[in-house]
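Just so it is clear: in the sequence shown, position 8 is 8 by full-length UniProt numbering, and no numbers are missing.
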Amino acid sequence: MDIEKQSQQSLDESKSSILEAQNLMDKMAALRGKLNIKDGAGRRYLQRIKPNEASLKAAEKEIVSQYNSKSSNPDQKKKKHKNLMNALHRHGRA
Numbered sequence: 001m002d003i004e005k006q007s008q009q010s011l012d013e014s015k016s017s018i019l020e021a022q023n024l025m026d027k028m029a030a031l032r033g034k035l036n037i038k039d040g041a042g043r044r045y046l047q048r049i050k051p052n053e054a055s056l057k058a059a060e061k062e063i064v065s066q067y068n069s070k071s072s073n074p075d076q077k078k079k080k081h082k083n084l085m086n087a088l089h090r091h092g093r094a
């Protein structure tokens with residue numbers, strides 16, 4: 001009876017670790033998709049460092065903050081708009 005309990009507990013722990021590993025692999029795949037990393041140096045780097053879930057979340061948060069940052073400074077907003085308009089004029093689209 002005791003051996004059965006131990007084997008069942010070991011089996012449950014193995015299943016949970018497999019599910020956790022699959023979950024982390026899915027999260028890494030999603031992060032690679034967000035970073036647009038294919039079979040290149042970035043993917044090899046991720047495979048080499050094998051990041052944990054916390055570092056993946058931190059990286060995702062940093063990426064989101066970099067690409068979705070709202071500039072509160074009106075001068076920066078004005079400068080960005082001016083640069084965009086100049087680029088449109090340069091390419092004959094405005």
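Glycine included, each C-beta is placed from N, C-alpha and C at the ideal position.
Can you round the beta-carbon distance between residue i and residue j to whole angstroms, since I take them to be within the 8 Å contact cut?
i     : j     : result
Lys34 : Leu56 : About 11 Å separates the two Cβ atoms, so there is no contact after all.
Residue i to residue j, Cα distance in whole Å?
i          : j     : result
Asp2       : Lys15 : 20 Å
residue 95 : Leu11 : Residue 95 is absent from the model: the chain starts at 1 and stops at 94.
Ala58      : Asn73 : 26 Å
Val64      : Met85 : 25 Å
Leu31      : Glu60 : 7 Å
Gln8       : Ser17 : 14 Å
Gly92      : Asn83 : 14 Å
Who are the Cβ neighbours of residue i in its own chain at under 6 Å, not counting the five residues just before and after it?
i     : result
Arg90 : none
Given a cut-off of 8 Å, decide if residue j and residue i are closer than it, judged by their beta-carbon atoms.
i     : j    : result
Leu24 : Glu4 : no
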